[in-house]
Amino acid sequence: MVVTRFAPSPTGYLHIGGLRTALFNWLWARKNGGKFILRIEDTDLSRNSEEATRAIIESFDWVGLDYDGEVAYQSKRFDIYKRYIQKLLDEGKAYYCYMSKEELDALREEQQKRGERPRYDRRYRDFKGIPPKGVEPVVRIKAPLHGDIIFEDGIKGTIVIRAEELDDFIIARSDKTPTYNFVVAIDDALMGVTDVIRGDDHLYNTPKQLIVYEALGFKVPKFYHVPMILNEQGKKLSKRDGAMDVMEYKRMGYLPEALLNFLVRLGWSYGDQEIFTIEEMKELFDPKDINKSASAYNLSKLEWLNAHYIKNSSNERLVNLLKDFNIYLESHDKKEILLDALKDRAKTIKEMAELAKEILEEPENYDEKALKKALKGDWREILTLFLEKLKASEPHLPVDFHKIIEDVVKEKEIGFGKIGQPLRVALLGKLSGPGLDEVMAIIGKEESIKRVEKFLREFK
RNA sequence: GGCCCCAUCGUCUAGCGGUUAGGACACCGCCCUUUCACGGCGGUGACGGGGGUUCGAGUCCCCCUGGGGUCGCCA
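Quick note on our numbering: the first sequence kicks off at 5 and runs consecutively.
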């Protein structure tokens, strides 16, 4: 059975890079009918926030990622870790180190000055004497002194780290709390995790965790280190790059499946396919196909995908989504026409809401450029004639309104543009938007008359 | 700086020794059209550089260059 996990530290919202690794893990587990575990890495008690955990779960809910079992909190498993620390101590595979932080800092500084790699010098590794008083020791694990640590990364290939690059890293702080590299290995082993898919900033942690696996005799999982996501400039993604928080995408009017589709294609591909339903992702995804190089985030691709998914959304769903942007269409009798017209031109739900507003509400002002184009020739005459015919009929559907426009065009022997432009500005205040017959059908005969009359009054 | 990883159009990518180097986004044209979009058609545009190996290299090897990661009692 395949067991994967997403193991964030609760230090803030879930960002899109995190969501992508979560997605990869989730897909792999779901594809194989396995388990996907959500585990909160909160061993550093001073940096936790429940808020952050809630934010992560909220994001999961929004995009539709589910996890198996309860959320695991490492802070609630300290007794387990303590047993293993004691075990290693008893077996002589770990030891107390009485070096203070100050001493350590001094040592590091000195090494740096000499141009050496800062590393603990293992001075307490085989310490037999009397420990110094007043120092709460940390526990360090005995890392191999020589040789190579080798592992096969499912994405990067064979990784070789020389033992000399590692030191006896701390597995328990002086306040007795266990550290990350230690608990990760234990939890992954105890929870039966078979495939670890994580950011490649963890690549260097892997040999450390391997040391723990080795010391405890645990079975080693398969590792996949996925390259990071870069910003649009090809630099490391940071808070300054705008939308990092997954929930921000909801607020901007993106559909969860668009975000997921976008993220799955960042670093992974399946031939020339661009559009993937969740089902297709599950069917086709394989972590071994993930690229080795980092990929840059690009918003216009996301927008394109979002537009695609909006186009293919049911109007019923759109009505619901629009509520978040203060557009309430349930009881609007022409909502189908409105939604169908807007679907093709909105890149986000937010944009769709804005466009809807522009149609539903009488224009407050008229675009300058649009006016210049509209107030030409005998526009007044044309609109007046149109108004006359509009009042004399009972139009409901777009075709009905179209017929009226057509009549005017025929009678005055003009092109559609001659009436189209002034009428469009009168109705919408600008030159773009859905077809005029549709617009009028949506707002109705009376509102159309009202807007044209107002326009006629305003511009003599 | 040490160690490690990476390198195809602007961007996401296909390519797994023999291709006119393909697709997508973006961009630019044309068509459709009462406008703006949508859609359709077409176009510009890439193997970072240098050495090898080979009959043949985007594909394999080495070096350089350029990016990135990491060197915590953070995760």
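Cβ atoms here follow ideal geometry from the backbone N, Cα and C, with glycine treated the same way.
The model shown is predicted, which means the values in this text are computed figures rather than measured ones.
- For R321, the enclosing alpha helix (DSSP H) stretches over residues N319 to K327.
- In this structure, the CA atom of H150 is about 5 Å from the CA atom of A167.
- By the Cβ criterion, the segment 97-105 is not in contact with the segment 67-79, since fewer than three pairs of Cβ atoms, one from each stretch, lie closer than 8 Å.
- Along the segment 27-107, the beta strand (DSSP E) occurs as fully enclosed runs of 3 or more residues at 39-44 and 98-101, listed in sequence order.
- Non-local beta-carbon contacts of T162 in its own chain, meaning distances under 8 Å to residues more than five positions away in sequence, involve I154, F155 and E156 in chain order.
- Spatial neighbours of E54 in its own chain (CB-CB distance under 8 Å, excluding positions within 5 residues in sequence) are listed in chain order as P14.
- Residue range P260 to V268 is occupied by the alpha helix (DSSP H) that includes E261, with no beta strand (DSSP E) assigned at that position.
- Within the segment 184-263, the complete beta strand (DSSP E) segments of 3 residues or longer fall at 199-203 and 226-230, listed in chain order.
- In the three-state reduction of the DSSP assignment, T162 falls in the strand class, which pools E and B.
- In the structure shown, Y313 adopts helical secondary structure according to DSSP, grouped into three states.
- In the DSSP assignment, T281 falls outside any alpha helix (DSSP H) and carries neither an H nor an E.
- Taken atom to atom, the span from the alpha-carbon of F227 to that of Y332 is near 48 Å.
- Per the C-alpha coordinates, the member of E365, L364 and K416 positioned closest to L389 is K416.
- Comparing alpha carbon positions, the residue from I408, E261, L264 and F131 closest to G96 is F131.
- The C-beta of D46 has 16 or more other C-beta atoms within 10 Å across all chains shown, which makes the residue buried.
- Between D328 and the set E114, Y128, K354 and H336, the nearest pair of CA atoms involves K354.
- Taking a contact as a CB-CB distance under 8 Å, the pair P426 and L387 counts as one, their CB atoms being some 6 Å apart.
- For A147, same chain residues with a beta-carbon under 6 Å away, outside a window of 5 residues either side, are L170, D172 and I215 in chain order.
- A Cβ-Cβ distance of about 5 Å is found for the pair P291 and I201, placing them in contact under the 8 Å criterion.
- DSSP places V142 in the strand class (E or B) of the three-state scheme.
- In the DSSP secondary-structure assignment, T8 is bridged to F40.
- In the DSSP secondary-structure assignment, A176 is bridged to V143 and P182.
- Under DSSP, A300 takes part in a beta bridge, and its partners are L234.
- Per DSSP, F155 is one residue of the beta strand (DSSP E) stretching across D152 to D157.
- Distance from the CA of S335 to the CA of L259, rounded to the nearest whole angstrom, comes to 24 Å.
- Note: Q277 is bridge-paired with Y274 in the DSSP secondary-structure output.
- At least 8 Å separates the beta-carbon of L431 from that of V412.
- Leaving aside the five residues that flank A357 on each side, the residues in its chain whose CB is nearer than 8 Å to its CB run, in chain order, G257, L326, F329, N330 and I331.
- Looking at K351, T352 and K361, the one whose alpha-carbon comes closest to that of K339 is K361.
- Of the residues assessed, T281 falls on the exposed side of the cut-off, its CB having fewer than 16 other CB atoms within 10 angstroms.
- Per DSSP, R384 is one residue of the alpha helix (DSSP H) stretching across W383 to K395.
- By the neighbour-count criterion, in which 16 or more other beta carbons inside 10 Å mark a residue as buried, N185 falls on the buried side.
- Around the Cβ of N29, a 10 Å sphere holds 16 or more other Cβ atoms; the residue is buried.
- Note on E372: under 16 other CB atoms within 10 angstroms of its CB, so exposed under the neighbour-count rule.
- CA-to-CA, the gap between Y17 and K380 works out to about 55 Å.
- In the three-state reduction of the DSSP assignment, H400 falls in the coil class.
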